[in-house]
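Colleague:
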Ligand SMILES: Nc1ncnc2c1ncn2[C@@H]1O[C@H](COP(=O)(O)OP(=O)(O)OP(=O)(O)O)[C@@H](O)[C@H]1O
Ligand SMILES: [Mg+2]
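In this note's numbering, the protein residues as written are 1 to 274.
In structure tokens, the structure reads:
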């Protein structure tokens with residue numbers, strides 16, 4: 001995945017802070033972080049629970065709760081667009097075609113249990129303004145994420161699918177706008193090991209074959225090692241180190257990173273990728 005040609009910058013984040021107002025308290029969920037991601041790159045954000053990963057993902061895709069509850073400052077530049085200050089109309093355009101999409105943590109909360117997958121895919125496509133040949137496009141997206149027997153998947157209700165299939169349906173929906181950046185928040189958590197590998201393979205193919213840049217948010221170093229070129233380590237709303245995955249694995253500079261690696265080593269064997 002790490003090609004030799006220098007790739008253009010896609011996302012540049014500078015001194016981003018998110019302050020959340022919770023019961024009259026201010027929480028510094030993201031506290032001044034810088035990040036660079038190039039087109040087609042796969043970058044991880046690794047950190048324990050509560051370190052601010054999801055809040056960061058929502059900040060850079062402008063999916064935070066309203067300003068009374070969450071205040072965003074700093075610079076987020078996506079392909080020359082000033083995302084942090086962009087009005088909603090501009091964001092809608094970016095979300096409609098060739099911009100960024102997010103796959104949220106907790107896939108079950110983001111699928112409607114009472115509606116068939118086909119109806120939910122149609123809705124995802126309509127919401128980005130793609131009204132043509134809905135069913136054919138939905139089928140094509142499901143194939144892209146490695147699902148077979150697509151007609152059955154489209155007819156199914158969410159509970160009729162396995163966890164890994166549901167996760168891939170959500171990835172397919174996020175791909176409807178043909179994003180250049182996909183932010184995936186804990187894409188394999190709550191899946192068993194075999195199914196984790198299927199979702200990892202899906203993401204890897206998107207990155208390798210379709211050149212979608214990935215920002216993978218996780219507490220699992222094994223996932224980062226499987227998938228990412230580089231990683232930022234997050235704790236307490238800050239990035240404490242960033243490095244390419246192999247250097248980080250060989251010689252973590254921060255003791256916190258070493259503890260995350262030790263935990264990840266037990267979950268997946270990073271060496272399997274070499
Ligand atoms: N809606 C919210 N209400 C209250 N506090 C919140 C909310 N969202 C985030 N926080 C707080 O902000 C901080 C960062 O949370 P965030 O969800 O970004 O962490 P995370 O790294 O994604 O954790 P996890 O791995 O558990 O998903 C935490 O202290 C959390 O309690
Ligand atoms: Mg989270």
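Even for Gly, the Cβ is constructed at its ideal location relative to N, Cα and C. Owing to the predicted nature of the structure, the values given are computational and were not obtained by experimental measurement.
Answer with buried or exposed for residue 166, where buried requires no fewer than 16 other C-beta atoms within 10 angstroms of its C-beta.
Modeller: With 16 or more neighbouring CB atoms inside 10 Å of its own CB, residue 166 falls in the buried class.
Colleague: At what residue ranges does the region 23-47 contain a whole run of the beta strand (DSSP E), taking only runs of 3 or more?
Modeller: 25-38 and 42-47
Colleague: Nearer than 7 Å: is that true of the beta carbon of residue 105 relative to any heavy atom of ligand 1?
Modeller: yes
Colleague: For residue 145, which of 168, 22 and 254 has the nearest alpha-carbon?
Modeller: Closest option to residue 145, Cα to Cα, is 168.
Colleague: My understanding is that residue 184 touches residue 124, with C-beta atoms under 8 Å, so please give their C-beta distance in whole angstroms.
Modeller: Actually they do not touch by this definition, with Cβ atoms about 16 Å apart.
Colleague: Identify the residues that DSSP records as bridge partners of residue 185: which are they?
Modeller: 217
Colleague: Sort out for me which residues DSSP pairs residue 12 with in a bridge.
Modeller: 36 and 77
Colleague: Report the rounded CA-to-CA distance for residue 107 versus residue 188, giving the unit in angstroms.
Modeller: 10 Å
Colleague: With a threshold of 7 Å (Cβ to nearest heavy atom), would residue 53 be considered close to ligand 2?
Modeller: A distance criterion of 7 Å places the beta-carbon of residue 53 in contact range of ligand 2, judged by its closest non-hydrogen atom.
Colleague: Measure the Cβ-Cβ separation of residue 21 and residue 74 and say whether it is below 8 Å.
Modeller: Not in contact: residue 21 and residue 74 (Cβ atoms no closer than 8 Å).
Colleague: Would you mind stating whether residue 40 and residue 172 have Cβ atoms separated by less than 8 Å?
Modeller: no
Colleague: Under three-state DSSP, which class holds residue 257?
Modeller: In the three-state reduction of the DSSP assignment, residue 257 falls in the helix class.
Colleague: Would you kindly check if the distance between the Cβ of residue 245 and the Cβ of residue 256 is under 8 Å?
Modeller: no
Colleague: Is it buried or exposed for residue 138, if we count other Cβ within 10 angstroms and need 16 for buried?
Modeller: buried
Colleague: Are residue 61 and residue 29 close, meaning C-beta to C-beta below 8 Å?
Modeller: no
Colleague: Relative to the alpha-carbon of residue 201, which residue among 179, 180 and 224 has its alpha-carbon at the smallest distance?
Modeller: 224
Colleague: Cα separation between residue 32 and residue 72?
Modeller: 10 Å
Colleague: Below 8 Å on the Cβ atoms is my contact criterion, and I expect residue 164 with residue 195 to pass it. Report the Cβ-Cβ distance as a whole number of Å.
Modeller: 3 Å
Colleague: DSSP state of residue 241, grouped into three classes?
Modeller: strand
Colleague: Would you give the residue range spanned by the beta strand (DSSP E) that residue 230 belongs to?
Modeller: In the DSSP assignment, residue 230 falls within the unbroken beta strand (DSSP E) covering 230-235.
Colleague: How about residue 180 and residue 43: are their beta carbons less than 8 Å apart?
Modeller: No. Outside cutoff.
Colleague: Using 7 Å as the cut-off, classify the Cβ of residue 48 as near or not near the heavy atoms of ligand 2, replying yes or no.
Modeller: no
Colleague: Compare the beta carbon distance of residue 37 and residue 10 with 8 Å and say whether it is the shorter of the two.
Modeller: yes
Colleague: Starting from the C-beta of residue 143, find all residues in its chain whose C-beta is less than 7 Å away, skip the five residues before and the five after it, and write them out in chain order.
Modeller: 150
Colleague: Buried or exposed: residue 252, going by 16 or more other Cβ atoms within 10 Å of its Cβ?
Modeller: So residue 252 counts as buried.
Colleague: Going straight from the alpha carbon of residue 216 to that of residue 24, what length do you get?
Modeller: 32 Å
Colleague: On the CB-based measure, 16 or more other CB atoms within 10 Å of its CB, does residue 186 come out buried or exposed?
Modeller: buried
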